[in-house]
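Okay, so here's the structure we're looking at.
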Amino acid sequence: MKCESCIYFNVYYRKGIFNFWQESKGVCGKSGNVESWYHSCEFFKKIPEIAATPETVENAIVDVNEIIKFYCEDTY
């Protein structure tokens with residue numbers, strides 16, 4: 002039971018030169034406190050596991066293709 006696997010935990014990211022780096026701290030969405038991802042509190046609620054069915058994979062492919070179209074459109 003650690004914050005990193007809690008549904009309320011929002012991790013901090015630090016901007017690097019080429020990408021973003023995940024920090025070891027974040028904000029608890031329930032209490033509003035900054036917490037280490039190794040901490041756990043009374044608001045802990047485990048992230049539910051989602052079964053990967055062919056339908057969910059197809060939906061994810063459609064969503065990713067929409068994002069690619071949005072960010073790769075020619076704007077000339």
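First residue of the sequence shown? That's 2 in our numbering, and the numbers climb one at a time after it.
Using N, Cα and C, we set each Cβ at its ideal position, and we do this for glycine too.
Please state whether DSSP places residue i in a helix, a strand or coil.
{"i": "residue 70", "result": "helix"}
{"i": "residue 77", "result": "Here residue 77 scores only 41 on pLDDT, less than 50, and its place in the model is too uncertain to base an answer on."}
{"i": "residue 56", "result": "helix"}
Who are the near neighbours of residue i in its chain, counting only those whose CB is closer than 6 Å to its CB and skipping five residues on each side?
{"i": "residue 31", "result": "9, 44"}
{"i": "residue 21", "result": "14"}
Using a threshold of 8 Å, state whether the C-beta atoms of residue i and residue j are closer than that.
{"i": "residue 6", "j": "residue 47", "result": "yes"}
{"i": "residue 24", "j": "residue 12", "result": "yes"}
{"i": "residue 4", "j": "residue 41", "result": "yes"}
Decide if residue i is buried, meaning its Cβ has at least 16 other Cβ atoms within 10 Å, or exposed.
{"i": "residue 27", "result": "buried"}
Using only the alpha-carbon positions, how far apart do residue i and residue j sit?
{"i": "residue 2", "j": "residue 50", "result": "15 Å"}
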